[in-house]
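K.L.:
Residue numbers (this note's numbering): 226 to 370. Here a beta-carbon is modelled for each residue, glycine too, at the ideal position from N, C-alpha and C. This one's a predicted model, so the numbers in the text were calculated from it and none came from an experiment. Starting off with a structure, shown below.
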């Protein structure tokens, strides 16, 4: 089983950006935690981060061609307005789990809406790096049925 974890715009700045919202964990540390949990769950975890919307769409298209079993995505700010990423995700036949380090519903009003939510199996927000780990568990559970 293969799970693709997608990190969106500015998420390469985890550990440097606004530690009150995102903590001090780095993206590399999150990816390592995901790979470790993937080993425990007996799944292959691939991670991808980009600050370019087109590159994110291309990676999602590639995931479709690869027939990945599940996708975990933290689209960052794209969550709130990128219909391009939403439409690319809608092509996938596998479970999609949306995750956020911060509680987007307790932040600025523009962050309360997700254009991805209606095509995702669920959304996990507000648990820091654990949001990713919970998301991976949920994605694997749904993929295994």
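For residue 261, is the classification buried or exposed, using 16 other Cβ atoms within 10 angstroms of its Cβ as the cut-off for buried?
P.N.:
It counts as exposed.
K.L.:
Per DSSP, what kind of secondary structure is residue 295 in: helix, strand or coil?
P.N.:
Strand at residue 295.
K.L.:
Compute the beta-carbon to beta-carbon distance between residue 288 and residue 296, rounded to the nearest angstrom, for a pair I have assumed lies under 8 Å.
P.N.:
At roughly 6 Å, the Cβ-Cβ gap stays under 8 Å, so residue 288 and residue 296 are in contact.
K.L.:
How about residue 311 and residue 344: do their beta carbons lie closer than 9 Å?
P.N.:
In contact: residue 311 and residue 344 (Cβ atoms closer than 9 Å).
K.L.:
Report buried or exposed for residue 263, applying the criterion of at least 16 other Cβ atoms within 10 angstroms of its Cβ.
P.N.:
Counting Cβ neighbours within 10 Å, residue 263 comes out buried, since at least 16 surround it.
K.L.:
To the nearest angstrom, report how far apart residue 239 and residue 370 are at their CA atoms.
P.N.:
Residue 239 and residue 370: Cα-Cα distance of roughly 32 Å.
K.L.:
Let me know if residue 360 comes out buried or exposed under the rule of 16 or more other beta-carbons within 10 Å of its beta-carbon.
P.N.:
Looking at its Cβ environment, which holds 16 or more other Cβ atoms inside 10 Å, residue 360 is buried.
K.L.:
Touch check for the stretch 265-273 and the stretch 299-316: three-plus C-beta pairs under 8 Å?
P.N.:
Cβ pair count under 8 Å is below three, so no.
K.L.:
Let me check understanding here. Comparing Cα to Cα, which of 317, 247, 251, 323 lies closest to residue 362?
P.N.:
The residue with the shortest Cα to Cα distance from residue 362 is 323.
K.L.:
Give the straight-line distance between the Cα atoms of residue 328 and residue 233, rounded to the nearest whole angstrom.
P.N.:
Cα to Cα, residue 328 sits roughly 16 Å from residue 233.
K.L.:
If distances are taken between C-alpha atoms only, which option among 280, 358, 354 comes closest to residue 244?
P.N.:
When each option's Cα is compared against that of residue 244, the closest is 354.
K.L.:
Using the rule of at least 16 other Cβ atoms within 10 Å of the residue's Cβ for burial, across every protein chain shown, is residue 294 buried or exposed?
P.N.:
Per the 10 Å Cβ criterion, buried.
K.L.:
Give the secondary structure of residue 241 by DSSP, where H, G and I count as helix, E and B as strand, and everything else as coil.
P.N.:
Residue 241 falls in the coil class under three-state DSSP.
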